[in-house]
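All remarks here apply to the structure that follows.
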Amino acid sequence: MTVLVPRVIVPGILILSSGLILCGSIETLTQFYIFYGVVAGAGITCIAIVSYSAILAHWFEEKRGLASGIAVSGMGLGTFFIVPLSQHSITLWGFRFSFVLLGILVLIVLLPLNGIFLRHKPQELGLYPDGLDVPVSAPKVERPVLNMDRGETENSIDMETDDWTLRTALKTRHFWALVLFPFFAYIGLFIIQVHNVKFLVDQGIDKMTAAYIFAMIGVVSLIFRIFWGWLSDHIWREITYSLGLLCLCLGIGSLLLMELTGQLALSYPFFIFFGMGWGVTAPLFMSIAADLFKGKGFGLIYGIVEGGIGVAGAIGAWSAGFIFDRTHSYEWAFILGIIAVIISGLLAWVAAPRKVRDK
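If you want it as structure tokens, here you go:
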């Protein structure tokens, strides 16, 4: 195993598990901030998409979108099982036992899978990208790179590709668009993800049913993470992403209509379309980033993208709460979510992975 697995992912699992178990003993809000926000937060960062996207970038080229979709489909599966399981556990035994149970599950499930089976590069198993046992002579892919020798600040085309560093990436519009289009997407996503259960309960749906609706979003997203990833390998990634965002807008729009009309039946198109739209995000973030900036600096570059996503999630969650506290309605929060999603779609076209993929 290379340095990434034992020194980043495995310690991250141990830290996350410890933080969750410690949450079972919290007595004050400060302890909650420390154990959950700092300890568990640090652990989950080590095992989040950044680490695995760096691995996938080495393992897959032609089927990168499909591989990314399969890899992140577990997020939807986890939502389906963990959300209702947690709600059920809290109802029966309280939040303390539920935190301890979740910490133990993280330890016994993730530690052996990652510590024993995960490999950073296919060469460690005598393979080549896309699982081939012999190298293939693939056509070269045009990628925009900065011509540092001439001191240019505009993009030029270089057929030798895999030497990106953060320094060169920072001087391209592709990098800034790559950082910003997931940023705006997650403002819209977290407006809904954090507040949808409360909204549904406020509309008259009982708590357990609301939790199951959120779980069904995870099931739908699981299927569509794979589908969108596969589709993006066959058509422009920008088109695939735009179709997914259209579904996301329809999902948020369903909640907006429920807010305006009180029709609870709109929860069905909500979880279907929102799940479809949520499914396009992670696999396309990973695939587009690897298309544009695969190389020795990819981990750092994608880490910055994910850092922006974390900030965006906080902004989305806070802004929806702020709007509700001021207006006693989520109407303008949902409208803000749709606007943010549309901006994300436009910025994906500015990132322009179509210009650097060999079609």
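Just so you know, we're using this note's numbering here: the sequence shown kicks off at 3 and counts up by one.
All C-beta atoms in this analysis are idealised placements derived from N, C-alpha and C, irrespective of residue type, glycine included.
Model, not experiment: these values are computed from the prediction.
Task: Opening and closing residue of the alpha helix (DSSP H) in which Pro13 lies - done: As a first step, residue 13 must be located in the sequence shown, where it is residue number 11. Val12 to Cys25 is the extent of the alpha helix (DSSP H) around Pro13.
- [ ] Taking 8 Å as the cut-off, decide whether the C-beta atoms of Ile274 and Val203 are in contact.
- [x] In the sequence shown, residue 274 corresponds to position 272, counting from 1. In the sequence shown, residue 203 corresponds to position 201, counting from 1. No, the Cβ-Cβ distance between Ile274 and Val203 is not below 8 Å.
Task: Cα-Cα separation, Val85 to Arg239 - done: In the sequence shown, residue 85 corresponds to position 83, counting from 1. In the sequence shown, residue 239 corresponds to position 237, counting from 1. C-alpha of Val85 to C-alpha of Arg239: approximately 31 Å in a straight line.
Open item on the list: Tell me the residue span of the alpha helix (DSSP H) that contains Glu308.
Closed with: On the sequence shown, residue 308 is found 306 positions in, with the first residue counted as 1. For Glu308, the enclosing alpha helix (DSSP H) has its first and last residue at Phe300 to Thr329.
Open item on the list: Tell me the DSSP secondary structure of Phe185 in three-state form.
Closed with: Taking the sequence shown and counting its residues from 1, one reaches residue 185 at position 183. Annotated three-state conformation of Phe185 is helix, per DSSP.
Task: Option nearest Ala314 by Cα separation, candidates Gly339, Lys296 and Thr329 - done: Stepping through the sequence shown from its first residue, residue 314 is reached at position 312. Checking every option, the nearest Cα to that of Ala314 belongs to Gly339.
Open item on the list: Here's a check: name, in chain order, each residue in its chain whose Cβ is nearer than 6 Å to the Cβ of Ile345, leaving out the five neighbours to either side.
Closed with: What you label residue 345 is simply residue 343 of the sequence shown in a count that begins at 1. Phe186.
Task: Rounded straight-line distance, which links the Cα of Lys173 to that of Ser331 - done: Your numbering for residue 331 matches position 329 in the sequence shown. Your numbering for residue 173 matches position 171 in the sequence shown. The straight-line gap from Cα to Cα measures roughly 42 Å.
- [ ] Express the C-alpha separation of Pro131 and Ala353 in angstroms, rounding to a whole number.
- [x] For this step, residue 353 is matched to residue 351 along the sequence shown. For this step, residue 131 is matched to residue 129 along the sequence shown. When rounded, the distance between both Cα atoms is 24 Å.
TODO: Please work out which residues of its chain come closer than 6 Å, Cβ to Cβ, to Ser19, disregarding the five sequence neighbours upstream and downstream, and give them in chain order.
DONE: In the sequence shown, the residue the question calls residue 19 occupies position 17. Leaving aside the five residues that flank Ser19 on each side, the residues in its chain whose CB is nearer than 6 Å to its CB run, in chain order, Gly105, Val108 and Leu109.
Open item on the list: Using a Cβ distance threshold of 8 Å, determine whether the segment 188-206 contacts the segment 22-40, with at least three qualifying pairs required.
Closed with: Too few Cβ pairs lie closer than 8 Å, so no.
TODO: Could you check what DSSP says for His236 in three-state terms: helix, strand or coil?
DONE: Numbered from its first residue, the sequence shown carries residue 236 at position 234. In the three-state reduction of the DSSP assignment, His236 falls in the coil class.
TODO: Identify every run of the alpha helix (DSSP H) within the segment 230-299, keeping only runs that are complete inside it and at least 4 residues long; order them along the chain.
DONE: As far as the segment 230-299 is concerned, its whole alpha helix (DSSP H) runs of at least 4 residues are 239-263, 269-281 and 283-295.
- [ ] Measure the alpha-carbon distance for Met288 versus Ser55 and round it to whole angstroms.
- [x] For the purposes of this step, residue 288 is taken as the residue at position 286 of the sequence shown. For the purposes of this step, residue 55 is taken as the residue at position 53 of the sequence shown. One alpha carbon belongs to Met288, the other to Ser55, and they sit about 6 Å apart.
Task: C-alpha gap between Glu156 and Ala342, whole angstroms - done: Taking the sequence shown and counting its residues from 1, one reaches residue 156 at position 154. Taking the sequence shown and counting its residues from 1, one reaches residue 342 at position 340. Any reading at Glu156 is ruled out, since the residue's pLDDT is 41, under 50, leaving its predicted position unreliable.
Task: Pairwise C-alpha distance: Gly299 and Pro146 - done: Working through the sequence shown from its first residue, we reach residue 146 at position 144. Working through the sequence shown from its first residue, we reach residue 299 at position 297. The predicted model places Pro146 with a pLDDT of 45, which falls under 50 and marks its position as unreliable; any figure quoted below should be read in that light. Spanning the two alpha carbons is a distance of roughly 15 Å.
Task: Exposure label - Ala267; buried when at least 16 CB within 10 Å - done: The residue labelled residue 267 in the question sits at position 265 within the sequence shown. It is exposed - the Cβ of Ala267 has fewer than 16 other Cβ atoms within 10 Å.
TODO: Pull up the distance between the alpha-carbon of Leu247 and that of Thr170, whole angstroms please.
DONE: As a working note, residue 247 is residue 245 in the sequence shown. As a working note, residue 170 is residue 168 in the sequence shown. Distance between Leu247 and Thr170, taken at the CA atoms: about 30 Å.
- [ ] Could you spell out the range, first to last residue, of the alpha helix (DSSP H) harbouring Glu333?
- [x] On the sequence shown, position 331 is the one that residue 333 refers to. Start and end: Glu333 to Ala353.
Task: Per-residue burial, Phe324 [other beta carbons within 10 Å of its own, 16 or more giving buried] - done: As a first step, residue 324 is located in the sequence shown; it is residue number 322 there, counting from the start. In this structure Phe324 is exposed. Its beta-carbon is surrounded by fewer than 16 other beta-carbon atoms within 10 angstroms.
- [ ] Using 10 angstroms around the beta-carbon of Arg175, count the other beta-carbons present and answer buried if the total reaches 16, otherwise exposed.
- [x] Counted from its first residue, the sequence shown places residue 175 at position 173. Exposed is the call here.
Task: Alpha carbon of Glu261 to alpha carbon of Ile207, nearest angstrom - done: Position 259 of the sequence shown holds residue 261. Position 205 of the sequence shown holds residue 207. When rounded, the separation of the alpha-carbon atoms in Glu261 and Ile207 is 13 Å.
TODO: Determine the extent of the alpha helix (DSSP H) in which Gln33 is found, giving its start and end residues.
DONE: Counted from its first residue, the sequence shown places residue 33 at position 31. Start and end: Leu31 to Phe34.
- [ ] Note down the Cα distance separating Val112 from Ile15, rounded to an integer number of angstroms.
- [x] Locating residue 112 in the sequence shown gives position 110, counting from the first residue. Locating residue 15 in the sequence shown gives position 13, counting from the first residue. Sequence check: residue 112 is Leu here, not Val. Rounded to the nearest angstrom, the gap between the Cα atoms of Leu112 and Ile15 is 7 Å.
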